[in-house]
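Asks: Chains W and E are the protein sequences, given in the same order.
The numbering of the first sequence is the working numbering, which starts it at 13 and goes up by one.
The numbering of the second sequence is the working numbering, which starts it at 13 and goes up by one.
Protein chains: 2
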Amino acid sequence: MTTMSIPMPREQLERIVRQAVRERLAVGDGAPAAGAAYRPNLVVNISARHMHISQGDLERLFGPGAELTVYRWLYQPGEFAAEQTVTVLGPRRRMIEKVRILGPARDATQLEVARTDAIALGIDAPVRRSGDIEGTPGCIVIGPAGVLEMPRGVIRAERHVHMSPADAGYYGFEDRQHVRLRIESDCTVVLEQVFCRVDPRFLLEVHIDTDEGNSCDLPNARRVELLA
Amino acid sequence: MTTMSIPMPREQLERIVRQAVRERLAVGDGAPAAGAAYRPNLVVNISARHMHISQGDLERLFGPGAELTVYRWLYQPGEFAAEQTVTVLGPRRRMIEKVRILGPARDATQLEVARTDAIALGIDAPVRRSGDIEGTPGCIVIGPAGVLEMPRGVIRAERHVHMSPADAGYYGFEDRQHVRLRIESDCTVVLEQVFCRVDPRFLLEVHIDTDEGNSCDLPNARRVELLA
Numbered sequence: 013m014t015t016m017s018i019p020m021p022r023e024q025l026e027r028i029v030r031q032a033v034r035e036r037l038a039v040g041d042g043a044p045a046a047g048a049a050y051r052p053n054l055v056v057n058i059s060a061r062h063m064h065i066s067q068g069d070l071e072r073l074f075g076p077g078a079e080l081t082v083y084r085w086l087y088q089p090g091e092f093a094a095e096q097t098v099t100v101l102g103p104r105r106r107m108i109e110k111v112r113i114l115g116p117a118r119d120a121t122q123l124e125v126a127r128t129d130a131i132a133l134g135i136d137a138p139v140r141r142s143g144d145i146e147g148t149p150g151c152i153v154i155g156p157a158g159v160l161e162m163p164r165g166v167i168r169a170e171r172h173v174h175m176s177p178a179d180a181g182y183y184g185f186e187d188r189q190h191v192r193l194r195i196e197s198d199c200t201v202v203l204e205q206v207f208c209r210v211d212p213r214f215l216l217e218v219h220i221d222t223d224e225g226n227s228c229d230l231p232n233a234r235r236v237e238l239l240a
Numbered sequence: 013m014t015t016m017s018i019p020m021p022r023e024q025l026e027r028i029v030r031q032a033v034r035e036r037l038a039v040g041d042g043a044p045a046a047g048a049a050y051r052p053n054l055v056v057n058i059s060a061r062h063m064h065i066s067q068g069d070l071e072r073l074f075g076p077g078a079e080l081t082v083y084r085w086l087y088q089p090g091e092f093a094a095e096q097t098v099t100v101l102g103p104r105r106r107m108i109e110k111v112r113i114l115g116p117a118r119d120a121t122q123l124e125v126a127r128t129d130a131i132a133l134g135i136d137a138p139v140r141r142s143g144d145i146e147g148t149p150g151c152i153v154i155g156p157a158g159v160l161e162m163p164r165g166v167i168r169a170e171r172h173v174h175m176s177p178a179d180a181g182y183y184g185f186e187d188r189q190h191v192r193l194r195i196e197s198d199c200t201v202v203l204e205q206v207f208c209r210v211d212p213r214f215l216l217e218v219h220i221d222t223d224e225g226n227s228c229d230l231p232n233a234r235r236v237e238l239l240a
């Protein structure tokens, strides 16, 4: 018998089961079949500014033995917004409070901000893929039990889409390809350079930041579509 | 002899002269000529949150006889950011300080905010053309000499492009048409529904708001282009 190390709530499990059922309906090469066509369920979510953190840095900020605890489960299986938040301090002592940490803990600590946040902090954060933090600016992070000087890791996350191989097959996309996302609203935009991340564990979900989401008023969008 | 009622700085006069010279080089129907082709000078500027104000409301906020004074001249001839700023208060007492007024004074008072500002204020500001404020939400405005209760006029300005008839001819656009703007950067976007405003007094300039400008990192854009 195996046990799961991360407790998973019913809604996440249900999403995974529904996804598996949809994929069983897909034909082998991913092309939509005439009869029971695989219909991906495209979800676009805004990632507000947040932090990913290593276990070492977590303990530095929250004390020895600290662990991330679940505030809210996210759409991707196993991912969660943690109860833990920090204060971030840029040069010239400008700060943003209550920046939420996302769990589980990772190998490298990084802070993902929108351009508006970067301007507020006075940090020129480059557009980067998650984990690609070499040569990026750092900042000061303040937790309840300590202060962390991040030498690097402040980025604006490259807009990206998580998808399963079945989703990729449906759209004809490949892992690490750039595609476009059109969001139709009273202020329609097409976002180019949306990076595809294909993995069997992923549910189909685009992540954009608050600037991108607000530029097109995503919460009131009438239609979203992925384009080559 | 005539005199100008609004003092105009040298840089604005120079822009107007340059525009007139470019237009003289354009052929009559606006199509680019083979020899001396008219080349429009496309400028894209971010309009930060700001207020337009009637003379009556200006005096209510700044006292009897108050007049707008020039803080900085804008790109469009005669338009300026005023030295006067106000504090804006939304429901649930959320506020934004130092909102700049743009001059000259107009017939109707209106507050133009980005979606991010609207969320900060707690006001659901609709996308509207300047002046089209019927049925829009209001707010409280606080000046040094008084308080103004705006019953309506809080909008997110529809992205738009100012252009002369020669510019319109070059692109093949018509007044009040919707066109697209592509901004190429590390996070390229195509903004649809850009409203054309054609007038002989206009210089070619797109106005987008801070959310739109930050979504594509406009200050570091490599290329901007208007598309049908």
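Using N, Cα and C, we set each Cβ at its ideal position, and we do this for glycine too.
These figures come from a predicted structure and were not determined experimentally.
Run down chain W in chain order and give the residues with a C-beta less than 8 angstroms from the C-beta of asparagine 226(E).
Replies: Simply Ala126, Arg127, Thr128, Ile131, Asp223 and Ser227.
Asks: For a test of the three-state rule: what should DSSP assign to threonine 148(W), helix, strand or coil?
Replies: Coil.
Asks: Which residues in the same chain have their Cβ closer than 6 angstroms to the Cβ of glutamine 31(E), if we skip the five residues on either side of it in sequence?
Replies: Excluding residues within five positions, the ones whose Cβ falls inside 6 angstroms are Leu215.
Asks: Give the secondary structure of serine 59(E) by DSSP, where H, G and I count as helix, E and B as strand, and everything else as coil.
Replies: The answer is strand: DSSP assigns serine 59(E) an E or B state.
Asks: According to DSSP, arginine 204(E) sits in a beta bridge with which residue or residues?
Replies: Rather than arginine, the amino acid found at residue 204(E) in this sequence is glutamate. For glutamate 204(E), which the question treats as bridged, DSSP gives no partner whatsoever.
Asks: May I ask which residues mark the beginning and end of the alpha helix (DSSP H) holding arginine 105(E)?
Replies: From DSSP, arginine 105(E) is part of no alpha helix (DSSP H); its letter is neither H nor E.
Asks: With DSSP run on the structure shown, which of helix, strand or coil describes aspartate 223(W)?
Replies: Note: aspartate 223(W) maps to helix in three-state DSSP.
Asks: Going by DSSP in three states, arginine 112(W) sits in which element: helix, strand or coil?
Replies: Correct three-state label for arginine 112(W): strand.
Asks: In chain order, what residues of the same chain lie with their CB nearer than 8 angstroms to the CB of glutamate 71(E), ignoring the 5 residues before and after it?
Replies: Only Gly77 and Ala78 meet the Cβ criterion.
Asks: Taking the straight line between their C-alpha atoms, what separation do you get for glutamine 189(E) and glutamine 24(W)?
Replies: If you take the alpha carbons of glutamine 189(E) and glutamine 24(W), they lie about 46 angstroms apart.
Asks: With respect to the beta strand (DSSP E) encompassing isoleucine 135(W), which residues constitute its N-terminal and C-terminal limits?
Replies: No beta strand (DSSP E) holds isoleucine 135(W); DSSP gives it neither H nor E.
Asks: Against chain C, with Cβ distances strictly below 8 angstroms, would glutamine 189(W) count as a contact?
Replies: In the structure shown, chain C cannot be found, because the protein chains are W and E.
Asks: Assign alanine 126(W) to buried or exposed, taking buried as 16 or more other Cβ atoms, counted over all protein chains shown, within 10 Å of its Cβ.
Replies: Alanine 126(W) is buried by the Cβ-count criterion.
Asks: Checking contacts by CB at 8 angstroms: is cysteine 208(E) closer than that to chain W?
Replies: No, no contact with chain W.
Asks: Out of curiosity, what's the CA-to-CA distance linking serine 153(W) and leucine 114(E)?
Replies: The question names serine, yet the displayed sequence has valine at residue 153(W). So the alpha carbons of these two residues sit roughly 38 angstroms apart.
Asks: Classify asparagine 232(W): buried if its beta carbon has 16 or more other beta carbons within 10 angstroms, exposed otherwise.
Replies: Its Cβ having fewer than 16 others within 10 Å, asparagine 232(W) is exposed.
Asks: Let me make sure I understand the geometry here. Which of Leu230(W), Phe92(W) and Pro177(W) has the alpha-carbon closest to that of arginine 34(W)?
Replies: Minimum Cα distance to arginine 34(W) is reached at Pro177(W).
Asks: I'd like to confirm the pairing. Which residues does DSSP put opposite alanine 94(W) in its beta bridges?
Replies: Answer by DSSP bridge pairing, in chain order: Val82(W).
Asks: Inspect the beta-carbon positions of arginine 192(E) and leucine 123(E) and report whether they are closer than 8 angstroms.
Replies: Result no, Cβ atoms of arginine 192(E) and leucine 123(E) do not sit closer than 8 angstroms.
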